[in-house]
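S.K.:
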Amino acid sequence: MLRSGRVTSPLADRRLLVLSEDAALAALLSSGLSTLGGAALTAASGREALRSLREAPPHAAVLDLPVADASAAELLAEVVRAGIPAVVVSGVYRGPRAAAELRRHGARDLLEKPFPLDALLASVANVLGEAPPRPKDAPDEVTGSLPLQGGPAPVDPFFALDVTGPEAGSREPEGLARPLPDLPQARATEPQPPPSPAGELALASVPRLLVALHVGQATGALTLARGPVKKIVAVERGAPVYAASNVAAERFGAICVRRGLLPAERLEELRRASPDRSTTGLLVGAGLLTADLRAELVTAQIRAIAWSTFEWRTGSYRFEAGRPPAARMPLRLDPGDLILNGMRKATSLERLRSELPAEAHLAPRPDPAFELYSLRILPAEARLLTSADGTKSVADLVRLSDLPERETLGFLQACRAMRILDEVGRVLASTRRIGFL
6 MLRSGRVTSP LADRRLLVLS EDAALAALLS SGLSTLGGAA LTAASGREAL
56 RSLREAPPHA AVLDLPVADA SAAELLAEVV RAGIPAVVVS GVYRGPRAAA
106 ELRRHGARDL LEKPFPLDAL LASVANVLGE APPRPKDAPD EVTGSLPLQG
156 GPAPVDPFFA LDVTGPEAGS REPEGLARPL PDLPQARATE PQPPPSPAGE
206 LALASVPRLL VALHVGQATG ALTLARGPVK KIVAVERGAP VYAASNVAAE
256 RFGAICVRRG LLPAERLEEL RRASPDRSTT GLLVGAGLLT ADLRAELVTA
306 QIRAIAWSTF EWRTGSYRFE AGRPPAARMP LRLDPGDLIL NGMRKATSLE
356 RLRSELPAEA HLAPRPDPAF ELYSLRILPA EARLLTSADG TKSVADLVRL
406 SDLPERETLG FLQACRAMRI LDEVGRVLAS TRRIGFL
């Protein structure tokens with residue numbers, strides 16, 4: 006509800022426990038809860054969550070189940086004993102029977118992955134007897150972008166990037182008419198502030214961050230920085246819709262020149278003649294850019310900017326929730342295909358070998374972030390998946406594959422990022438095991 010032009014914080018002064026083995030997803034969920042005023046504490050394992058429940062009971066808990074070291078029944082029994090309402094999110098427990106069983110054990114609600122982040126916020130507020138506020142001027146649901154009381158935490162404007170090179174300046178970016186809105190942060194109610202949706206890329210690769218945004222169906226801007234280079238990938242309900250970069254070669258005008266739409270000299274002439282118009286406006290006015298061609302080029306730009314960060318292991322990231330403006334180019338890239346093709350095409354063999362050791366064993370995860378039927382998997386890759394059952398090493402899988410080594414490792418690493426496969430201890434061929442057959 007609006008009060009004196011401001012939006013109330015329904016979770017103010019509420020302590021919230023977020024359990025997830027996926028650190029990027031935990032940070033995203035905690036960030037979303039903090040927009041409603043809650044102070045979130047994360048737990049990376051079931052035992053850690055049980056310890057928190059007993060030592061400092063929160064007002065509510067969000068449990069990403071199952072976890073490796075504690076059963077769902079054990080965790081839910083503890084929250085019931087403590088009188089704590091719990092919301093479960095899961096990629097394993099699906100359908101009405103699973104929901105009924107979890108509720109029987111004490112869960113107040115179940116959200117199946119992927120789920121809209123705003124649905125989780127509404128569920129947590131509901132189990133606490135609160136209603137999440139919604140700004141009156143919002144024409145649609147906004148994932149985690151509710152304006153709250155407190156000091157501002159500005160989103161980097163796309164047009165304020167420190168660009169060097171032939172396209173330097175404050176020219177408005179292509180695809181979005183304006184930057185995502187600035188969003189204030191909620192006041193922390195505990196001495197230890199809630200986890201920030203920011204961190205170092207040494208601990209969270211860009212593909213895994215994109216997977217977390219997909220699972221949380223988040224809307225906003227992921228800012229990636231390494232030294233003087235800064236890039237932004239905007240997502241809407243977990244799907245990339247725009248990207249910007251302060252690297253001159255990755256800007257829209259440079260891409261149009263490389264694609265042969267016009268010479269660089271002609272582009273500069275158009276800019277000198279109409280310095281206040283965007284590159285898109287200039288090209289459309291000159292009859293050089295159709296709507297279909299613009300969509301193709303902006304899509305290629307998003308892929309190129311995102312893929313260029315897949316090998317970054319230094320630098321930082323930050324996610325800010327926000328609403329892309331209606332004037333942007335209406336694009337939505339499938340995040341699974343973006344990750345899969347990026348690993349296939351943009352990751353070096355040396356990097357893949359270093360991150361996917363030959364002696365490692367891979368097996369299916371019970372809670373993949375993407376269903377196999379939704380991905381454009383090649384026949385040779387599908388055959389490779391049937392062998393990834395924990396009994397064979399990565400070296401074995403490379404030998405069995407019909408694909409070159411780099412393509413094989415790229416596919417396997419993409420499956421790890423998308424939580425389709427995970428590294429396991431070696432499984433003996435004589436034991437029962439899970440597989441894709």
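Position 46 of the sequence shown, counted from 1, bears residue number 51 in our numbering, the numbering being contiguous throughout. The beta-carbon is built from N, C-alpha and C at its ideal position, and this holds for glycine as well.
DSSP state of P101, grouped into three classes?
M.R.: Correct three-state label for P101: helix.
S.K.: Might you give, ordered along the chain, the residues of its own chain that have their beta carbon closer than 6 angstroms to the beta carbon of G96, omitting 5 neighbours on each side?
M.R.: K118, D372.
S.K.: Hey, how far is the Cα of V238 from the Cα of C420?
M.R.: Distance between the alpha carbons of V238 and C420: 21 angstroms.
S.K.: In the DSSP assignment, find the alpha helix (DSSP H) that holds K350 and state where it starts and stops.
M.R.: Segment 340-351, the alpha helix (DSSP H) holding K350.
S.K.: Mind checking which residues open and close the beta strand (DSSP E) that includes V93?
M.R.: Run containing V93: 91-95, per the beta strand (DSSP E) assignment.
S.K.: As a quick exercise: from D281, R213, A254, T319, pick the residue whose alpha carbon is nearest that of A230.
M.R.: Residue T319 is the option with its Cα nearest to A230.
S.K.: So, with DSSP's three-state summary, where would you put L215?
M.R.: Correct three-state label for L215: helix.
S.K.: Closer than 8 angstroms is the cut-off here; do at least three beta carbon pairs connect the segment 14-23 with the segment 44-59?
M.R.: Because the criterion of three Cβ pairs below 8 angstroms is met, the segment 14-23 and the segment 44-59 touch.
S.K.: Once DSSP output is grouped into helix, strand and coil, what is the label at L115?
M.R.: In the structure shown, L115 sits in a strand (DSSP, three-state: E or B).
S.K.: Taking the beta carbon of T391 as the centre, do at least 16 other beta carbons fall within 10 Å, making it buried, or is it exposed?
M.R.: By the 10 Å Cβ count, T391 comes out exposed.
S.K.: Only counting the same chain, and skipping five residues up and downstream in sequence, which positions put a Cβ closer than 7 angstroms to that of S57?
M.R.: Cβ within range, chain order: L22, L46, A48.
S.K.: Taking L218 as the reference, give the member of A29, M348, P409, Q418 with the closest Cα.
M.R.: Residue A29 is the option with its Cα nearest to L218.
S.K.: Let me see if you follow: with CB-CB separation under 8 angstroms, is L133 close to chain D or not?
M.R.: Any reference to chain D falls outside this structure, which holds one protein chain only.
S.K.: What are the start and end residues of each continuous beta strand (DSSP E) run of 3 or more residues lying completely inside the segment 19-88, in chain order?
M.R.: The qualifying runs are 20-24, 44-48, 65-69.
S.K.: Exposed or buried, what is E386 when buried is set at 16 or more other beta-carbons lying within 10 Å of its beta-carbon?
M.R.: Result: buried.
S.K.: Check whether the Cβ atoms of V216 and L227 lie closer than 8 angstroms to each other.
M.R.: Going by C-beta atoms, V216 is not nearer than 8 angstroms to L227.
S.K.: Suppose only complete runs of 4+ residues qualify. What are the alpha helix (DSSP H) ranges in the segment 359-413, listed by chain order?
M.R.: Runs of the alpha helix (DSSP H) inside the segment 359-413: 384-392, 399-405.
S.K.: Based on Cα-Cα distance, which residue from S313, R299, G290, R102 lies nearest to N346?
M.R.: The candidate whose alpha carbon is nearest that of N346 is S313.
S.K.: Which of the three DSSP states is assigned to R282 in this structure?
M.R.: Coil, per DSSP.
S.K.: Apply the 10 Å Cβ neighbour rule to A112 and answer buried if 16 or more other Cβ atoms are within range, or exposed otherwise.
M.R.: Label assigned to A112: buried.
S.K.: So, under 8 angstroms CB-CB, L80 and A104 are touching, yes? Tell me the CB distance rounded to an integer number of Å.
M.R.: Incorrect: roughly 16 angstroms between the Cβ atoms, too far for contact.
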